Amino acid sequence: MGAIDISESHKAVVDEKECVECGVCVRNAPCPVKAIHFNELEWPRILRRFFSDPNFSHSTTTKGMGRGTAEMKTNDVTGRYGRGEVGIGLELGRPSTGVWFKDIEKVTKHLAPLNIGYEEKNPLTVLLEDPDKGIFKEEVMGEKLLSTIVEFKVPIDKLLETLKYIKELDGKLDTVYSVFICTRAEKDGSLPNIDLLKHNGYWVSPNAKHNVGMGRPYFMNDSPAEVVERSC
Ligand code: SF4
């Protein structure tokens, strides 16, 4: 984050306001006298560590690790998005830029008229005071994160309208963002949203993730509503 300043006296000082508690400085530049170390953090500052340091899990929010949920990438196991549905991830912030909660809230407030249901297992969702209006709990608003992902799903016929809403955020956020979209491949291997997006002027970079042997589907008949428990 550029939070470490080394003055002319060669004393390093961490700007606590900008530091996101990612732990990179502790892990990558081990100090022989342990002058750089992890501090005990209180709520809500500890949110910075949960979202920014991959070695810590969200023990006070979702008990998981990371900036979003894993299920988006493992849709073929979880069946979170069925046919006719599109999962959308709006990734906010990057190393060196970060993202403040005030900018995350700008996004969730802006999307509120779409009446989207945020992904329950995403660690951001439990921090929303009013999910319908996209308002976060006041106590977290002073926190900064390395990055985070706003996750939700929409019917495929609402995809273009949703992307139009997201595009209106251009130039209004004090950070960078990217959008990723998850759909189930059709039985012939095609992806239903690719042509739709291309014909409407979007630059699309399709890719897939193969977790060979990592899990068997929890769902049947392509419908997430018919999820069944199976051992993996
Ligand atoms: S914890 Fe991360 S953000 Fe904070 S000073 Fe270290 S490297 Fe920079």
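Here the sequence shown is numbered in my numbering, starting from 1018 and rising by one per residue. Positions of the beta carbon are idealized from the N, C-alpha and C atoms, including for glycine. Note that the coordinates shown come from a computational prediction; the quantities given were computed from them, not determined experimentally.
{"Item": "Run of the beta strand (DSSP E) containing V1289, from where it starts to where it stops", "Value": "This structure does not reach residue 1289, given that the chain is present from 1018 up to 1249, and the question cannot be answered."}
{"Item": "heavy atom of the ligand SF4 below 7 Å from V1041 C-beta", "Value": "yes"}
{"Item": "Anticipated Cβ contact below 8 Å, I1173 with G1101, distance rounded", "Value": "6 Å"}
{"Item": "Test item: CB-CB of C1039 and S1069 under 8 Å", "Value": "yes"}
{"Item": "Per-residue burial, C1036 [other beta carbons within 10 Å of its own, 16 or more giving buried]", "Value": "buried"}
{"Item": "Beta bridge counterpart(s) of L1107 as assigned by DSSP", "Value": "V1167, V1196"}
{"Item": "Cβ-Cβ distance between V1030 and S1024 below 8 Å", "Value": "yes"}
{"Item": "T1114 beta carbon less than 8 Å from that of V1193", "Value": "yes"}
{"Item": "Residues near L1186 by beta carbon distance below 8 Å, same chain, minus five either side", "Value": "K1123, V1124, H1127, Y1194"}
{"Item": "When R1044, R1065, L1107, C1048 are compared against G1159, the one with the closest alpha-carbon", "Value": "R1065"}
{"Item": "Of the listed residues W1117, P1130, N1132, nearest to L1141 (C-alpha basis)", "Value": "W1117"}
{"Item": "Per-residue DSSP class, three states only, for K1189", "Value": "coil"}
{"Item": "Spatial distance of C1199 from G1110 (CA atoms)", "Value": "20 Å"}
{"Item": "E1057 Cβ short of 7 Å to the ligand SF4 heavy atom set", "Value": "no"}
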